[in-house]
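Chains as they are written, first to last, in our numbering: chain A, 334 to 474; chain B, 334 to 474; chain C, 334 to 474.
Don't be surprised by glycine CBs; every beta carbon is placed ideally from N, CA and C.
Written below as structure tokens is the structure these notes are about.
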């Protein structure tokens with residue numbers, strides 16, 4: 334195994350995947366609790382919030398993976414992994430907040446947004462530098 | 334082209350992507366059959382099951398890609414690709430079962446879950462070994 | 334930073350991720366305009382079309398990433414990135430068309446489909462060549 338593999342990014346990816354799987358499980362439990370059989374996705378407000386918060390996670394997850402890996406590879410792996418951890422914490426806050434009340438999803442939402450924006454910024458800077466380096470033989474730093 | 338590229342993982346990714354595209358096509362055909370125009374996603378039970386089973390595939394697909402690639406790169410590529418094939422078979426069983434009856438999705442579901450858990454286990458072991466190797470100069474095996 | 338990294342694929346990934354984030358933002362604005370509080374996803378036809386078009390993007394996004402990266406790495410990076418750009422343009426046409434009228438989503442849809450099929454074809458050819466090269470010591474070209 335090459336020791337130059339981005340192991341921290343891989344670890345953060347697996348961790349976030351497990352977290353997503355756990356949230357899918359919670360939707361399943363909510364189905365059982367409120368006796369809502371698939372394929373129905375409507376029911377009591379609490380179930381609909383639980384379902385919706387998982388869907389929001391699903392929507393954002395590929396975007397998270399893209400910014401995590403590009404920022405980690407083109408900018409800084411350790412920093413990207415730390416911000417990735419922040420994202421997972423924000424996701425958890427979003428989930429537990431949203432289940433209780435629609436408004437309470439906001440703190441987690443801002444943390445998630447913040448993590449995504451930082452990773453996106455890191456990735457953009459890294460990619461532009463790498464692009465200039467590769468195609469124009471220009472080194473900025 | 335470097336012959337050290339993870340070609341089996343790439344092949345399994347393309348195969349699963351085609352399979353996902355095919356299932357999206359089946360949802361489109363089900364729309365036509367039941368005359369349900371987008372953006373509506375409700376209708377006869379058969380259409381709703383077809384729609385829902387595709388959505389379940391969409392929810393799980395990024396997680397599958399993460400565990401497929403991390404297990405293949407950090408643990409064993411051939412084994413990961415084989416379990417990936419098992420996942421696609423399970424996905425197909427889930428789809429065809431679910432369309433007929435909600436209960437009949439279960440055998441495919443357990444196969445999918447099994448494949449994901451095996452890949453997740455492989456990835457975790459591989460990542461931990463690689464992490465110890467890279468950051469602590471410790472070799473377990 | 335190794336200058337052999339697939340920087341064009343990374344750039345196209347970040348660009349498409351930003352585009353997805355922007356479309357999610359448009360759904361949020363549509364929620365505000367039509368006063369539809371989460372977790373509800375039903376309402377006036379215009380909101381439902383906006384919501385649905387974003388969901389369609391979410392469904393296809395992981396498939397796009399798979400075919401973009403596999404075609405770029407196993408076949409041709411520059412060509413894959415250009416077709417990736419075509420995909421983003423198609424996605425935007427699909428979105429703006431669909432919001433106005435369900436039928437108007439079709440030109441964008443065909444462009445998106447076309448981009449996906451080209452990338453899929455490139456990836457398949459590249460992977461088969463790479464596979465024969467790696468496992469059977471056969472070189473086609």
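Check                                                                                                                          : Outcome
8 Å Cβ cutoff met for residue 387 of chain C and residue 376 of chain C                                                        : no
Same chain, Cβ closer than 7 Å to residue 348 of chain B, neighbours up to 5 away in sequence not counted                      : 421
Buried versus exposed call for residue 355 of chain B [16 or more other C-beta atoms within 10 Å across all chains shown]      : exposed
CB contact flag (residue 413 of chain A, residue 342 of chain A, <8 Å)                                                         : yes
Proximity test, Cβ basis, 8 Å: residue 377 of chain C and chain B                                                              : no
Collapsed DSSP secondary structure at residue 395 of chain A in the structure displayed                                        : helix
Residue 454 of chain C classed as buried or exposed, judged by whether at least 16 other C-beta atoms fall within 10 angstroms : exposed
Residue range of the alpha helix (DSSP H) that includes residue 433 of chain C                                                 : 410 to 433
Proximal residues, the stretch 402 to 432 of chain B versus chain D, C-beta separation under 7 Å                               : In the displayed structure, chain D is absent; the protein chains listed are A, B and C.
Through-space distance from residue 444 of chain A to residue 372 of chain C, alpha-carbon basis                               : 20 Å
Minimum Cβ-Cβ distance from residue 457 of chain A to chain C less than 8 Å                                                    : yes
Contact with chain B by residue 354 of chain A, beta-carbon distance below 8 Å                                                 : yes
Local conformation of residue 441 of chain B per DSSP, three classes                                                           : helix
Simplified DSSP state of residue 469 of chain A, which is helix, strand or coil                                                : coil
Where residue 406 of chain C sits in the DSSP three-state scheme                                                               : helix
The ligand SAM heavy atom lying under 7 Å from the CB of residue 415 of chain A                                                : Annotation note on the ligand SAM: not contained in the displayed structure, which lists no ligands.
Chain C contact for residue 442 of chain A (CB, 8 Å cutoff)                                                                    : no
Within-8 Å CB hit, residue 395 of chain A to chain C                                                                           : yes
Within 8 Å, strictly: CB atoms of residue 457 of chain C and residue 399 of chain A                                            : no
Closer than 8 Å to chain A by CB, residue 448 of chain C                                                                       : no
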